[in-house]
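Okay, structure first, notes after.
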């Protein structure tokens, strides 16, 4: 029974992991950049939602579009000022630029917001729905629903809009896309901003059950890469599956191991996938 | 087991495409053999299978009767089979001397490898540029570094992939003389070359590959009169065997 | 011709390094900064064997560093074994860890290798934090104090540590030179330039990279023991941390020029005092500002010369000497 409950919790949490990681995989898929700083957009999204709650009394779930917008604008600027300049540089330069960004963003937050852990109070925070013998946590459920909605929105954007198609074309073949009048640099900027926005959105919707602090992004760095690698780096559909799988692994492992080791199990999976199926679990199967 | 190198029904597929299809031949010790065929015939792929860079999809490669087709390239090299790279794969940020020396490390101490490298550079006529960076060489010089590096591994069978590309006539004659000398020294050589006049004069035996299949195997004079070769290979607007195929 | 000059520069540097502490307060702040700079230069040099010569960008060296620190300290605390013996045990354990890590990851390239090694460091950090009854957990662990002695690797003043770290830097640099100028160095540079070509001319690329990884890991672990003895106290974050160790160490080698003997010297001489100064003057004012400065520095260095990192790998005169010299 505990196992089934862990499975359900894992799926609900994993849905959020999926959306948070979608942004990272989108950036890699379109731009070919591994952004180590990407997890900081979770933190940024959480702070935006926290301040919306603290000053306007807005529920974090309602503030999630604000988080998306703020991260979108910030990321567009970061892309323009920094990322664009290392697009053609060797991986080592890209890695260290984004690592620098990771450290800088965390410490800007530390200086601006202080090291306090901040959380919101909502009416539904401890509520749970009963489904037979299972409990469905309301904040988990709400975060999952909004994550699913945003993933669907991304899918529609990529499939149905000119910008979405142009972005996919750029990811496939930059030169060919340019021949069709698509400005690749613009698409890179859009992808980077959109990826950051999605991740910040995911940060906002988990605020009802996770406290925010400047170092919260660090908890997500390896998690996000695990999700993305599970699904195949750059594979948007894969990240969705990867997120659910990661959520379930993390949640189910707490049934068998002490809670401090839940991330360890995930790391082991991560290294194993990198080593044996670096193209992702799905690629070549589906 | 009279053949030094035996290729037995070797195929190599990439996805659904067969780059090399059911190729068999044997090369006795000391023979100098040419491998020709139009662009995309699978010559370089076949070389990559022989040295172990690609595993064959089917078939077996034997060196002195020993199966080498599942071994990693460095093991194949240790057993005496190596190649030069058509697109020139030098260690560009190292000096010419160090490039060549690397070939000798497998069988020798660093000191002996250095002596061997100097000697080999002398032999291929690169002694004067030994301390230049490989990246600073001209294309014909780079091909010679490839050759010298491969020689330093002291192979029994040497596969040469277009070492004569972009050479002037004088340079080509020098390389041809060098390859003949290698054969005199007892080395078994398989040469891929586009320059037909060169290969006809150089080799005692020629293999013809077309669309991944071996379509002819014989002396130069047999090859130029082979119907299949003429239609498949020489028939593409070229009337004589001396025409140069780029 | 340049032989006298070539051996003159290191000789003068070494002489300065030997004499300098005599003019500094043996327990003062400046000598402490210098001691840490020496330690981190040595770590950059150890990283350089893998990251520079083999061009395998490891972001997980904290994993080995922490193994060294925890092994010697736990042995000392629990069984009273001398840190010098603990250092050897830690180096051996790190070598084993390097082998286990290498089997699945050595064939990975670029981003993937960086990610896998990063995960390794993080795993070690999590384990050290979670295995509380053994490691002391997130609260960290203290090295028990014992009187001034070289045998116990403990001194009251910083000055003796300075000389130990200087010796460590010299030894690690000699190890780097031995690798670089030996067969392994040629093999690693060949692999870095073109792995397929290296294989075809007889270089076992896996074995060569594995050897580099094991050497680098065990040296890094030995330096972890040095750190524990110097600092008396550490926790999982300070020895297994991503930013404090893994990234800093790689950065030291990269800023100075990867694959070169002098790179880590230059990198550490620049970065460690710069960090200390920002910490000293800004750190007290606002928490996080020195780390911010560090992150910004990283960004600026790369934006100024994004290709500079590789430009540094293209041999210049100084580097060629290192490679060609017998």
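Chains as they are written, first to last, in my numbering: chain C, 181 to 466; chain G, 13 to 258; chain Y, 14 to 339. Think of the CB as a built atom: it goes at the ideal place given N, C-alpha and C, for glycine as much as any other residue. Computed from a prediction, not measured in an experiment: that's the story for all the values here.
ask   = Is the stretch 382-391 of chain C close to the stretch 191-207 of chain C, with three or more CB pairs under 8 Å?
value = The stretch 382-391 of chain C and the stretch 191-207 of chain C touch, with no fewer than 3 CB-CB distances between them shorter than 8 Å.
ask   = Which word fits residue 189/C, buried or exposed, when buried means at least 16 other C-beta atoms lie within 10 angstroms of its C-beta?
value = buried
Cα-Cα separation between residue 26/Y and residue 131/G, rounded to whole angstroms = 39 Å
message = Would you say residue 347/C lies against chain Y (beta-carbon separation less than 8 Å)?
response = no
key: Of the listed residues 128/Y, 136/Y, 96/Y, nearest to residue 168/Y (C-alpha basis)   = With distances taken between Cα atoms, residue 168/Y lies closest to 96/Y.
Through-space distance from residue 143/G to residue 75/G, alpha-carbon basis = 35 Å
ask   = Between residue 155/G and chain Y, is there a C-beta pair that is closer than 8 Å?
value = no
key: Boundaries (first-last residue) of the alpha helix (DSSP H) holding residue 260/Y   = Unbroken run through residue 260/Y: none, as it is neither H nor E.
ask   = Taking just the CA atoms, how far does residue 457/C sit from residue 43/G?
value = 44 Å
query = Hey, residue 134/Y and residue 76/Y: beta-carbon distance below 8 Å or not?
reply = yes
message = Going by C-alpha to C-alpha distance, which of 190/G, 26/G, 52/G, 68/G sits closest to residue 36/G?
response = 68/G
query = How would you label residue 197/G, buried or exposed, when you count the other beta carbons within 10 angstroms and need 16 or more for buried?
reply = exposed
request  = Mind listing the chain Y neighbours of residue 295/C? Cutoff is C-beta to C-beta under 7 Å, in chain order.
outcome  = 300
ask   = Does residue 129/G get closer than 8 Å to chain Y when you measure Cβ to Cβ?
value = Residue contact check for residue 129/G against chain Y: no CB pair falls below 8 Å.
query = Taking C-alpha atoms, which residue in 46/Y, 173/Y, 114/Y, 292/Y lies nearest to residue 447/C?
reply = Residue 114/Y holds the alpha-carbon nearest to the alpha-carbon of residue 447/C among 46/Y, 173/Y, 114/Y, 292/Y.
request  = Give the interface partners of residue 262/C over in chain Y, defined as CB-CB distance under 8 Å, in chain order.
outcome  = 312, 316
ask   = Straight-line CA distance for residue 121/G to residue 115/G?
value = 12 Å
query = Closest Cβ-Cβ distance between residue 322/Y and chain G: below 8 Å?
reply = Note on residue 322/Y: pLDDT 46, under 50, position unreliable in the model; the coordinate value appears next. No, its Cβ sits nowhere closer than 8 Å to a Cβ of chain G.
Short Cβ contact (8 Å threshold) for residue 314/Y with residue 262/Y = no
ask   = Do we get a CB-CB distance below 8 Å when we pair residue 241/C with the residues of chain Y?
value = It does not; no Cβ of chain Y falls within 8 Å.
ask   = Contact between the stretch 233-251 of chain Y and the stretch 248-255 of chain C: three or more CB pairs below 8 Å?
value = no
inquiry  = Quick check: the Cα distance between residue 91/Y and residue 158/Y, rounded to an integer number of angstroms?
reply    = 14 Å
request  = Using a Cβ cut-off of 8 Å (strictly closer), state whether residue 397/C contacts chain Y.
outcome  = no
task = Pull out every residue of the stretch 104-118 of chain G whose Cβ sits closer than 7 Å to any Cβ of chain Y, in chain order.
result = 104, 105, 106, 107, 110, 113, 114, 115, 117, 118
message = Below 7 Å on C-beta distance, what does residue 214/Y contact in chain G?
response = What residue 214/Y touches in chain G: 89, 94, 114, 115, 161, 162, 165.
request  = List the residues that DSSP assigns as beta-bridge partners of residue 222/G.
outcome  = 225/G
message = For residue 257/C and residue 397/C, which I take to be in contact (beta-carbon distance under 8 Å), what is that distance rounded to the nearest angstrom?
response = The pair is not a contact, with the Cβ atoms about 18 Å apart (cut-off 8 Å).
query = Leaving out five residues before and five after residue 82/Y in sequence, what residues of the same chain have Cβ atoms less than 7 Å from its Cβ?
reply = 237, 238, 240, 241, 247, 252
task = Let me know the secondary structure DSSP gives residue 155/Y once reduced to three states.
result = strand
inquiry  = Please identify, using Cβ separations under 7 Å, the residues of the stretch 265-282 of chain C that lie next to chain Y, in order along the chain.
reply    = 265, 266, 269, 270, 271, 272, 273, 275, 276, 277, 279, 280, 281
Nearest-angstrom Cα separation, counted from residue 171/G out to residue 49/G = 16 Å
request  = Please confirm if residue 264/Y has its CB atom under 8 Å from at least one CB of chain C.
outcome  = yes
message = According to DSSP, simplified to helix, strand and coil, what is residue 39/G?
response = strand
Residue 438/C classed as buried or exposed, judged by whether at least 16 other C-beta atoms fall within 10 angstroms = Per the 10 Å Cβ criterion, exposed.
inquiry  = Taking 6 Å as the limit between beta carbons, can you name the residues of its chain near residue 328/Y, skipping five residues before and five after?
reply    = Low local confidence applies: a pLDDT of 40 at residue 328/Y is under 50, so the model's placement there is unreliable, with the coordinate-based value given in what follows. Excluding positions up to five away in sequence, the list is empty.
inquiry  = Tell me which residue opens and which closes the alpha helix (DSSP H) that residue 234/C is part of.
reply    = 220-236
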